[in-house]
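Data first, discussion second: the structure below is written as structure tokens.
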Amino acid sequence: MSWSPPGGRVDTHALGPGSASRAWRQGGVSWRGLLGPGADSGSVPVLAALLVLALVFQAANPHFLSADNLVNLSLQVSAIGVMALGMVLVLLVGQVDLSVGAVSGLAAAIVAVGAVHQGWPLAVAVAVAIVAAGVIGAGYGWMFTRVGVPSFVLTLAGLLVAQGLQERVLGSSGSITLPFDSPLVRFSQQSFLAPALAYGLVAAGVVGGLGLRLLERRRRVLAELPVDPLRPVLVRWSLLGAVAGSATWYLNLNRGIGASFALFLALVLAADILLRRTRWGRSVRAVGSNVGSAHRAGIAVRRVYVATFTACAALAGLGGVLAAGRLAAANQGTGGSDTNLTVIAAAVIGGTSLFGGRGSAWSALLGALVVGSISSGLTLLNLDAAPRYIVTGMVLALAVTVDALGRRRVNVADR
Amino acid sequence: MTDVMREPAVIALRGVSHAYGAVRALIDVDLDVRAHEVVAVVGDNGAGKSTLVGVLSGVLVPDTGEVVVEGQEIQLTSPGLARQLGIATVFQDLALCEHLDVVENLFLGQEIRRGPLLDEVAMEREAWHLLGQLAVRLPSVRAPVSALSGGQRQAVAVARALLGEPRVLVLDEPTASLGVTQTAEVLNLVERVRDQGYGVVVVSHNMTDVQAVADRVVVLRRGRLNGEFDADLASYEQIIAAITGAAPHPGEGRS
Numbered sequence: 296m297s298w299s300p301p302g303g304r305v306d307t308h309a310l311g312p313g314s315a316s317r318a319w320r321q322g323g324v325s326w327r328g329l330l331g332p333g334a335d336s337g338s339v340p341v342l343a344a345l346l347v348l349a350l351v352f353q354a355a356n357p358h359f360l361s362a363d364n365l366v367n368l369s370l371q372v373s374a375i376g377v378m379a380l381g382m383v384l385v386l387l388v389g390q391v392d393l394s395v396g397a398v399s400g401l402a403a404a405i406v407a408v409g410a411v412h413q414g415w416p417l418a419v420a421v422a423v424a425i426v427a428a429g430v431i432g433a434g435y436g437w438m439f440t441r442v443g444v445p446s447f448v449l450t451l452a453g454l455l456v457a458q459g460l461q462e463r464v465l466g467s468s469g470s471i472t473l474p475f476d477s478p479l480v481r482f483s484q485q486s487f488l489a490p491a492l493a494y495g496l497v498a499a500g501v502v503g504g505l506g507l508r509l510l511e512r513r514r515r516v517l518a519e520l521p522v523d524p525l526r527p528v529l530v531r532w533s534l535l536g537a538v539a540g541s542a543t544w545y546l547n548l549n550r551g552i553g554a555s556f557a558l559f560l561a562l563v564l565a566a567d568i569l570l571r572r573t574r575w576g577r578s579v580r581a582v583g584s585n586v587g588s589a590h591r592a593g594i595a596v597r598r599v600y601v602a603t604f605t606a607c608a609a610l611a612g613l614g615g616v617l618a619a620g621r622l623a624a625a626n627q628g629t630g631g632s633d634t635n636l637t638v639i640a641a642a643v644i645g646g647t648s649l650f651g652g653r654g655s656a657w658s659a660l661l662g663a664l665v666v667g668s669i670s671s672g673l674t675l676l677n678l679d680a681a682p683r684y685i686v687t688g689m690v691l692a693l694a695v696t697v698d699a700l701g702r703r704r705v706n707v708a709d710r
Numbered sequence: 011m012t013d014v015m016r017e018p019a020v021i022a023l024r025g026v027s028h029a030y031g032a033v034r035a036l037i038d039v040d041l042d043v044r045a046h047e048v049v050a051v052v053g054d055n056g057a058g059k060s061t062l063v064g065v066l067s068g069v070l071v072p073d074t075g076e077v078v079v080e081g082q083e084i085q086l087t088s089p090g091l092a093r094q095l096g097i098a099t100v101f102q103d104l105a106l107c108e109h110l111d112v113v114e115n116l117f118l119g120q121e122i123r124r125g126p127l128l129d130e131v132a133m134e135r136e137a138w139h140l141l142g143q144l145a146v147r148l149p150s151v152r153a154p155v156s157a158l159s160g161g162q163r164q165a166v167a168v169a170r171a172l173l174g175e176p177r178v179l180v181l182d183e184p185t186a187s188l189g190v191t192q193t194a195e196v197l198n199l200v201e202r203v204r205d206q207g208y209g210v211v212v213v214s215h216n217m218t219d220v221q222a223v224a225d226r227v228v229v230l231r232r233g234r235l236n237g238e239f240d241a242d243l244a245s246y247e248q249i250i251a252a253i254t255g256a257a258p259h260p261g262e263g264r265s
């Protein structure tokens, strides 16, 4: 009375909870298991790419891996990374937002005009900028779910609208400088975590994460479910702690961990928990994987689309605010030229699939580090934007190729 | 059979009609589903079988007619609502998400939570329990569905439908894509589910399967009911005649 698949594959495998020694996801002692929490096979190529980039640029210019340059790098990637995090959400449901650059520029303009010209309190200006961006995203979600306009056309139209609004908000001068004593500028340029706080957060993160992991492991043991062997778990987390600790130490040799970078990391962590551990996150992945199935499983598909478009645009707005703080200015170029494609590139290079359903919040961090390293490394070599476009474009093409090959493998397995 | 017939219907359709533009897919269809019985809905291609599944599962809201659940007239406006009311559907394409693993698919839309977060341990334990009850064998419940065979996927889809104690199980062409052995397994599964007290609707155009498991056979032809048969008494020829329209009087094979 058993339901055995053809090929007898089952017979060689464990058949019950007690005997299935190793759950699929938990992985064994493979290289992929060493990457720590949130890492899946998608992060391996990008980690390799980061390593290669670091070695190449270090060989070309010994300043690249200096603490000073890495601190700069971390500050530079915060804005792009926050925007890439929003892009990950939209890509996960199988859509795309091509207007994040323009929306971030609009948000930057609103903050600058609000805080400098209108004299709003900074917090109000930031809130208005992010809400305005979110409203644009909600509009995309509404148009997409109610009218059925394809998202890439819809957001291209939105790009033009946002660019026009940005110019209108900036007014005749076209450029507004934020004063250097503005809290936003100080936050983005000069605020760093105190070393004690940085180490404390790293320790709390690693100990807390490992503790939760062990607690869950214990619950699995009590429930007689398969568990990972203990040692690789411990090795993995100590490795993660060592990497995070030494990175903190190295950055602390210079100015330390920037407040904006810490904010970005916190957002990535929150998004990761949201995506992997909540009902909402699961519905996002389900919609991206197969929208018809998700609908028939009772998921409110429209609400998921609207939420992801809104979150993406709001994060783009936050990215624009951070960029304005970092540059101490908002102008017509903020969020312009290659920002859109850099953000999409960061999300895809980080390992989030363009085809929906596959990806993680961490890909925003990894991808932003890759595009940031390329930009920083080429700047150190005194090269202008042209080679940066070419290299980033080629890395993006490589990432999309890896993505498409991975997808083909899944489809072949379907048969 | 008569004692079963007297039982009130768990779920019933009353005068359901639905049209896609000018095409009338269902015309004034009545259907009763009782506990402890397997109702087979048969018909040729285009007879309205899939539309009927759509109405029962909440995917389609019919133009006219009522869905009656436990004596209450209900508007089935979404698959989630149908599910809440105890109508679980196994769709022909199974409606699984390929990137999600078995546990994630089983609990999709009805996850167990612990506070605000998902309780993976409880869900995984429940998944093993459920799959064990159905005697389903899988290498791992954490394998993505894309890594499973057709039969295993079918099993996961049935297991998902049985989660949360539904009253009625609707299966749309459950054996269409399966081999001989797997078909037999699915039919066994249908009988096991019936014996556990569920009402089962099997939509199929495979007469062999229908004769193997059905207690009652309802024939659809061009969107209309074209006969209802007791599966033990009706002959193969009678049912085929009703499907093709050769039967002069609908329902003449009724016991």
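Those sequence lines, one after another, are chains A and B.
In terms of the working numbering, the first sequence opens at residue 296 and continues consecutively.
In terms of the working numbering, the second sequence opens at residue 11 and continues consecutively.
Think of the CB as a built atom: it goes at the ideal place given N, C-alpha and C, for glycine as much as any other residue.
Computed from a predicted structure; not experimentally measured.
For residue i, return the contacting residues in chain A, with the cut-off set at a CB-CB distance below 9 Å.
| i | result |
| --- | --- |
| E114 (chain B) | R577, R580, A581 |
| Q67 (chain B) | Residue identity check: residue 67 (chain B) is Ser in the sequence provided, not Gln. In chain order: R591. |
| R204 (chain B) | Under the 9 Å cutoff, chain A gives no residues; its nearest Cβ is about 15 Å from R204 (chain B). |
| R123 (chain B) | T573, R574 |
Closer than 8 Å by beta-carbon distance: list the chain B residues that pair up with residue i, in chain order.
| i | result |
| --- | --- |
| I594 (chain A) | G90, L118, G119 |
For residue i, which option in the options has the closest C-alpha, if you only look at C-alpha atoms?
| i | options | result |
| --- | --- | --- |
| L95 (chain B) | B:G68, B:A29, B:T185, B:T191 | B:G68 |
| E183 (chain B) | B:R124, B:A252, B:A167 | B:A167 |
| V48 (chain B) | B:L104, B:V151, B:V210 | B:V210 |
| V596 (chain A) | A:V686, A:T440, A:T605 | A:T440 |
| A611 (chain A) | A:A362, A:S338, A:V377, A:A537 | A:V377 |
| A402 (chain A) | A:L465, A:P524, A:G701 | A:L465 |
| P126 (chain B) | A:R577, A:L661, A:S670 | A:R577 |
| T450 (chain A) | A:A397, A:E462, A:F487 | A:A397 |
| V227 (chain B) | B:G207, B:V77, B:S156, B:D240 | B:D240 |
Got a sec? Which residues, its chain only, sit under 6 Å from residue i by beta carbon, not counting five neighbours each side?
| i | result |
| --- | --- |
| L348 (chain A) | S668 |
| W319 (chain A) | With a pLDDT of 39 at W319 (chain A), under the threshold of 50, the modelled position of that residue is not reliable, and the figure given next carries that caveat. Answer for W319 (chain A): no residue qualifies. |
| L370 (chain A) | G553 |
| G536 (chain A) | V501 |
| P682 (chain A) | L673 |
| V324 (chain A) | Because V324 (chain A) carries a pLDDT of 34, less than 50, the predicted location of this residue cannot be relied on, and no value is offered for it. |
| H590 (chain A) | V596 |
Excluding five sequence neighbours on each side, which residues of the same chain lie with their C-beta closer than 7 Å to the C-beta of residue i?
| i | result |
| --- | --- |
| H28 (chain B) | A35, L36, T61, V65, L70, P72, D73 |
| K59 (chain B) | V51, G53, V213, L230 |
| R44 (chain B) | V14, E17, A19, V20, G209 |
In chain A, which residues lie with their C-beta within 7 Å of the C-beta of residue i?
| i | result |
| --- | --- |
| F239 (chain B) | Neighbours of F239 (chain B) on chain A: none; closest Cβ ~29 Å, over 7 Å. |
| R93 (chain B) | G593 |
Go ahead and pull the three-state DSSP assignment for residue i.
| i | result |
| --- | --- |
| D240 (chain B) | strand |
| F604 (chain A) | helix |
| F447 (chain A) | helix |
| G553 (chain A) | strand |
| G466 (chain A) | coil |
| D698 (chain A) | helix |
| I594 (chain A) | coil |
| Y208 (chain B) | coil |
| N356 (chain A) | coil |
| V398 (chain A) | helix |
| A539 (chain A) | helix |
| L505 (chain A) | helix |
| H412 (chain A) | helix |
| L365 (chain A) | helix |
| L384 (chain A) | helix |
Spatial neighbours of residue i within its chain, please: CB distance less than 8 Å, with the 5 preceding and 5 following residues excluded, ordered by chain position.
| i | result |
| --- | --- |
| I97 (chain B) | I21, L66, S67, G68, V79, L86, P176, R177, V178, V180 |
| P478 (chain A) | L417 |
| L365 (chain A) | Y545, L546, N549 |
| A491 (chain A) | none |
What does residue i touch in chain B if you count any residue whose Cβ is under 9 Å from its own?
| i | result |
| --- | --- |
| R653 (chain A) | H109 |
Anything in chain B within Cβ reach of residue i, meaning under 7 Å, just list it in chain order.
| i | result |
| --- | --- |
| S588 (chain A) | A105, L106, C107 |
| E511 (chain A) | V131 |
| L520 (chain A) | V131, E134, R135 |
| S584 (chain A) | C107, E108, H109, L110 |
| R515 (chain A) | V131 |
Note down, in chain order, every chain A residue with its Cβ under 8 Å from the Cβ of residue i.
| i | result |
| --- | --- |
| P126 (chain B) | T573 |
*asked:* In chain order, what are the residue ranges of uninterrupted alpha helix (DSSP H) at least 4 long that sit wholly in the segment 628–690 of chain A?
replied: 634–644, 657–675
*Jot down the residue ranges of each uninterrupted beta strand (DSSP E) in the segment 59–131 of chain B, minimum 3 residues, whole runs only, in chain order.*
74–79, 82–84, 97–100
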